[in-house]
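In this note's numbering, the protein residues as written are 4 to 177.
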């Protein structure tokens, strides 16, 4: 993940990918490896199935001062979330995955609608509504731990789609 790591460094952040077998965890910190955590994500890859399961993504920027928040957004609507998803997709692509799956969790109808719209803008496609289909949803509910909208994305297509914006925003933050 060297180019993704370099992108984070140029935005003034530190990125660390940890893997244990198929399981991954990515942590983004402000500044260096000892800085406050800005975002975390985890999941697993199944190279034989060419599948990446993106389980959790958390962004913690609201506690930052306004100037730091603006720096981390990098002048982009997506900001840090785009960078974290790019790190996820980079790991998936390097692991040979052609499909990344995630769940836009539905804890609150308004927030859920925002998440689905946000991820669709990033390039994810709706696959399935989980939680309203009776017993047929049981496997999905067990895998995902909640109801929401299942969405997929091709890691390589994602990286290709956003490469120019990441480079452009990256140059503007130096």
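Glycine residues also receive a C-beta, built at the ideal position from the N, C-alpha and C atoms.
C-beta contact flag for residue i and residue j at 7 Å
i           : j           : result
residue 3   : residue 157 : With the chain represented from 4 up to 177, any question about residue 3 goes unanswered, as that position is not in the structure.
residue 134 : residue 107 : no
residue 91  : residue 59  : no
residue 33  : residue 41  : yes
residue 47  : residue 26  : yes
residue 18  : residue 31  : yes
residue 131 : residue 153 : yes
From the options, residue whose alpha carbon lies closest to that of residue i
i           : options            : result
residue 7   : 96, 139 and 130    : 96
residue 148 : 113, 57 and 128    : 57
residue 99  : 35, 30, 49 and 140 : 49
residue 167 : 85, 113 and 116    : 85
residue 146 : 36, 105, 94 and 82 : 105
Between the CA atoms of residue j and residue i - distance to the nearest angstrom
i           : j           : result
residue 89  : residue 9   : 12 Å
residue 175 : residue 164 : Here the model assigns residue 175 a pLDDT of 47, short of 50, so the residue's position is not dependable, and the following value carries that caveat. So the alpha carbons of these two residues sit roughly 19 Å apart.
residue 15  : residue 38  : 10 Å
residue 160 : residue 137 : 34 Å
residue 28  : residue 87  : 11 Å
residue 122 : residue 128 : 8 Å
residue 109 : residue 23  : 29 Å
Delimiting residues of the beta strand (DSSP E) encompassing residue i
i           : result
residue 47  : 40–49
residue 33  : 26–33
residue 83  : Run containing residue 83: none in the beta strand (DSSP E); it sits in the alpha helix (DSSP H), 82–97.
residue 23  : 16–23
residue 155 : 151–156
residue 107 : 102–108
Start and end residues, alpha helix (DSSP H) containing residue i
i           : result
residue 116 : 112–125
residue 141 : 141–147
residue 11  : 5–13
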